[in-house]
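For reference, the structure is listed below as structure tokens.
Next up, the structure:
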């Protein structure tokens with residue numbers, strides 16, 4: 172088992188890494204190229220599952 176201090180430290184470190192990653196993903200998702208790819212995939216439907224997503 173982890174001590175309360177260890178759990179608090181792990182949560183703090185996780186939050187330090189997760190927040191910037193979420194912001195970076197949001198920035199990528201907001202680019203025009205990504206929006207166009209998502210729109211294209213939505214139009215093509217189930218074939219999306221067979222094709223790789225390229226940024």
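Numbering (the working numbering), first residue to last: 172 to 226. For each residue, glycine too, the CB sits at the ideal point set by N, CA and C. In this text, all values refer to a predicted model and were calculated from it rather than measured experimentally.
Taking DSSP as the reference, what is the three-state secondary structure of residue 202?
-> Three-state result, residue 202: coil.
In angstroms with no decimal places, state the Cα-to-Cα distance between residue 213 and residue 194.
-> Taking the straight line joining both Cα atoms gives about 24 Å.
Give the straight-line distance between the Cα atoms of residue 176 and residue 192, rounded to the nearest whole angstrom.
-> C-alpha separation (whole angstroms): 25 Å.
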